[in-house]
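Taking it in order: structure first as structure tokens, then the write-up.
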Amino acid sequence: PLHTNRLIEEKSPYLLQHAHNPVDWYPWGQEAFDKAKRENKPIFLSVGYSTCHWCHVMEEESFKNKEIGEIMSKNFVCIKVDREEQPDVDKVYMTFVQATSGGGGWPMSVWLTPDLKPFVGGTYFPPEDGVNRVGFRTVLLRIAEQWKENRDALLENSQKILEALLHRSEIRVQGQESPPSSKLVMATCFQQLSSYYDENYGGFSESPKFPTPVNLNFLFTYWALHRTTPEGSQALQMALHTLKMMAHGGIHDHVCQGFHRYSTDQRWHVPHFEKMLYDQGQLAATYSRAFQISGDEFFADVAKDILLYVSRDLSDQAGGFYSAEDADSYPTTTSREKREGAFCVWTAEEIRALLTDSVEGATEGTTLGDIFMHHYGVKETGNVSPMMDPHQELKGKNVLIVRCSPELTAAQFGLDPGRLGALLWEGRRRLSRARAQRPRPHLDTKMLAAWNGLMISGFAQAGAALAEQQYVSRAVQAAAFVRKHLFDPNSGRLLRSCYRGKDSMVEQSTVPIQGFLEDYAFVIQALFDLYEASLEQDWLEWALQLQHMQDQLFWDPKGFAYFSSEAGDPSLLLRLKDDQDGAEPAANSVTVTNLLRAACYSGHMEWVEKAGQILAAFSEKLQKIPITLPEMARATAVFHHTLKQVVICGDPQGEDTKEMLRCVHSVFSPNKVLMLADGNNTGFLYRQLPFLESLERKDGKATAYLCSNFTCSLPVTSPQELRGML
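In this note's numbering, the protein residues as written are 1 to 726.
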């Protein structure tokens, strides 16, 4: 390389991608802040992540341009941030960009004073001026000039903006407010989701369409609490239809499994092709729940498909999970330029050449290619509408999408429907082998505590609901990885990230990034899910220790709820509370249910009080626009209905105990926690919950009790009776 800057010393794959730009980049930190103050220069802050398509575009066009690099380095102190590594920095400045420009996204470009206050912000800039857009070069020169000519006005303006942001972004309890009515919040959220629901294709917008598992989990809980009503049936129908349409669509990788990040069109057909770990974790859990509720193997198969992808392509040999796979890759080994989706798309000619066999028992002259192309909507000229392909990267290509039911495809070719599954499977297998010869997209091998938490929950919940022990074992392996590499036993605190280093060893930054609120919330949730799937009490004990630590680091004693980041970091202008359940749930939303579960396993009732205080702090939003907080809306119902403790007294190895546990795992019940009372009164659970001593096995058999606030029902010993109670 012609240039190397100090990002070469970093561990983040995103920062390393910029280590050879002709720009004097700094990572976020004191060295850069001191330089800005010493030289009295503004800071140019660029925030993105390694699988972000437009981040790559801006790098190619502007940051690799020598002239633009010189303007940047001469007039500004340039800082690069990986938003996945430092979500706190990203949130502060994204709040500013959204408030001042009405939009947001990545790459995020923000100009700051030397004391880190933002005064201009935007997202992607093209390198040169166009008809409707000012180019990056012009913006840089104008801001440099303004800084020289009008510095005082800029500083004064940035102070005003900051005060307005502080006021706007404050979420706190008003007076003696109590948690909002669960009935009202649930009904409003359901109405709002219904009004946005797409009856044809599922989902909750026209385009772009994101998977948003938080919406689907809300609908499952709504159904569970309103099973006998027309609205309850409608909620279930909306969720299951959406999951079916997504699984049939091009957002689902039919050849190499897993889900892409979102669809650019209404029909889930043409995706943005990156694959994110947080989507796989949440969707594996959601498809497992859909199977639990419906008994339809279709949903179980999709959950297994996601977990196969993650086990094969996003797993580190030490047990952790990588963050993401990129959308862009080289079409062939000799290509000079990456293209979006190149790894995943097909020409009709390629498919026909791979699937030439004639199919016995089908209409004369039918090849495997004919059947496959019909079923997956493949066209000779490509099946991507030019509207969905502004850069002409997918011209003549096909994104596979299931266009027909198996019965219709079979009828089209005079086939016995029973044979179709095996033929399509063979087609996908051959395409998968051919795809393995293509250059792979970039893999972001950063491992984040929060996203590993979501993925552990995915494996644990699927393992329990599908009765697949191998998934529970994989979740245990990943939790052990988090404890070893993303936790500091001396301080009792989580770390945000670790990395795959040289010789595939797991490495840590010189100064590790401390965990944020979402790391605690998602890991604690994962440990509760893992306890219920494995019944190993160590995970429970660790979850409760982490909950105490979360309270200590992030709780707001004045306004209630938890801040996203710790106090005491002078480089953070705002301590925010995230107030949106989006592609990932907000940490406060997940924490409400975590606190209720923690109270059930520990008897510490102050945790129930804290859960109510979070709901009170978010009360206004929950009552007016709960559609922005569907996970927290769901948690209001769990809070008001009180979690039921399902206690199984029995020998963990006994067949009768296992049968009772299988029964509990096969029923979807959003307001239950499961515990096994194995009779070992020196164990962790018996020490926490004295009432377990009074529960015994009836006639020596595994016995179930349904308890609420530590008061229990009469014992039952048959799985049928237990199912009725659940």
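Quick reminder that beta carbons are idealized off the backbone N, C-alpha and C, glycines included.
Beta-carbon proximity list for residue i, same chain, < 7 Å, skipping 5 on both sides
| i | result |
| --- | --- |
| residue 396 | 347, 381 and 382 |
| residue 660 | 648, 650, 702, 704, 719 and 722 |
| residue 13 | 50, 444, 445 and 446 |
| residue 189 | 218, 626, 627, 630 and 633 |
| residue 210 | 262 and 583 |
| residue 652 | 535, 676 and 678 |
Contact under 8 Å by Cβ, residue i with residue j
| i | j | result |
| --- | --- | --- |
| residue 77 | residue 32 | yes |
| residue 462 | residue 496 | no |
| residue 43 | residue 140 | no |
| residue 179 | residue 615 | yes |
| residue 517 | residue 487 | no |
| residue 617 | residue 289 | no |
| residue 593 | residue 638 | yes |
| residue 578 | residue 632 | no |
| residue 15 | residue 80 | yes |
| residue 686 | residue 695 | no |
| residue 284 | residue 458 | yes |
| residue 41 | residue 65 | no |
| residue 216 | residue 239 | yes |
| residue 466 | residue 303 | yes |
| residue 670 | residue 221 | yes |
| residue 439 | residue 510 | no |
| residue 136 | residue 62 | yes |
| residue 165 | residue 95 | yes |
| residue 515 | residue 494 | yes |
Beta-carbon separation (whole angstroms), residue i vs residue j, contact threshold 8 Å
| i | j | result |
| --- | --- | --- |
| residue 268 | residue 249 | 3 Å |
| residue 513 | residue 17 | Not really, about 18 Å apart at Cβ, beyond 8 Å. |
| residue 83 | residue 47 | 5 Å |
| residue 314 | residue 277 | 6 Å |
| residue 208 | residue 264 | 5 Å |
| residue 272 | residue 442 | 15 Å between Cβ atoms; not a contact. |
| residue 319 | residue 477 | 4 Å |
| residue 407 | residue 327 | The pair is not a contact, with the Cβ atoms about 34 Å apart (cut-off 8 Å). |
| residue 460 | residue 533 | 4 Å |
| residue 45 | residue 112 | 6 Å |
| residue 97 | residue 89 | 13 Å between Cβ atoms; not a contact. |
Which residues DSSP lists as bridging residue i, in chain order
| i | result |
| --- | --- |
| residue 711 | 708 |
| residue 109 | 46 and 122 |
| residue 252 | 259 |
| residue 65 | Paired residue(s): none; residue 65 is not in a bridge. |
| residue 524 | DSSP output for residue 524 lists no bridge partner at all. |
| residue 703 | 649 |
| residue 600 | The partner list for residue 600 (beta bridge, DSSP) is empty, contrary to what the question assumes. |
| residue 498 | 447 |
| residue 562 | 555 |
| residue 466 | Note: residue 466 sits in no beta bridge, so no partner. |
| residue 322 | According to DSSP, which records beta bridges pairwise, residue 322 is partnered with nothing at all. |
Same chain, Cβ closer than 6 Å to residue i, neighbours up to 5 away in sequence not counted
| i | result |
| --- | --- |
| residue 36 | 43, 77 and 114 |
| residue 403 | 377 |
| residue 684 | 537 and 541 |
| residue 712 | 705 |
| residue 58 | 107 and 124 |
| residue 69 | 22 and 23 |
Own chain residues within Cβ distance below 8 Å of residue i, not counting five before or after
| i | result |
| --- | --- |
| residue 667 | 292, 723 and 726 |
| residue 116 | 33, 43, 571 and 573 |
| residue 413 | 359, 362, 363, 366, 370, 371 and 374 |
| residue 316 | 322, 445, 447, 481, 500, 504 and 506 |
| residue 394 | 270, 340, 341, 345, 382, 384 and 388 |
Closer than 8 Å to chain D by CB, residue i
| i | result |
| --- | --- |
| residue 455 | In the structure shown, chain D cannot be found, because there is only a single protein chain. |
Handout entry: Meets three-Cβ-pair contact criterion under 8 Å: the stretch 567–576 and the stretch 181–188
Key = At 8 Å Cβ cutoff, the stretches do not touch.
Handout entry: Segment contact flag, the stretch 634–649 with the stretch 671–680, C-beta cutoff 8 Å, min 3 pairs
Key = Flag = yes, the stretch 634–649 and the stretch 671–680 touch.
Practice task
Indicate whether the contact test is met: 3 or more Cβ pairs, each with one atom in the stretch 186–204 and one in the stretch 227–244, closer than 8 Å.
Solution key: Yes, the stretch 186–204 touches the stretch 227–244.
Exercise for the section: Flag this pair as touching only if the stretch 348–358 and the stretch 429–437 have three or more C-beta atom pairs under 8 Å; answer yes or no. Expected result: Segments in contact, yes.
Practice task
Check whether the stretch 367–375 touches the stretch 418–429, taking contact to mean three or more Cβ pairs, one atom from each stretch, closer than 8 Å.
Solution key: Yes: at least three Cβ pairs fall under 8 Å.
Practice task
Evaluate contact between the stretch 257–265 and the stretch 309–326, counting only Cβ atoms and requiring at least three cross-stretch pairs below 8 Å.
Solution key: Taking a cut-off of 8 Å on C-beta distances, the stretch 257–265 touches the stretch 309–326, as three or more cross pairs fall below it.
Exercise for the section: Report yes or no: do three or more beta-carbon pairs, one from the stretch 392–412 and one from the stretch 327–346, lie closer than 8 Å? Expected result: Three or more Cβ pairs closer than 8 Å define a contact, and the stretch 392–412 meets that threshold against the stretch 327–346.
Problem - Sufficient close CB pairs (3 or more, under 8 Å) joining the stretch 540–553 to the stretch 521–529 - result: Flag = yes, the stretch 540–553 and the stretch 521–529 touch.
Problem - Three-pair Cβ contact test at 8 Å for the stretch 296–306 versus the stretch 475–487 - result: When C-beta atoms of the stretch 296–306 are compared with those of the stretch 475–487, fewer than three pairs fall below 8 Å, so the two segments do not count as touching.
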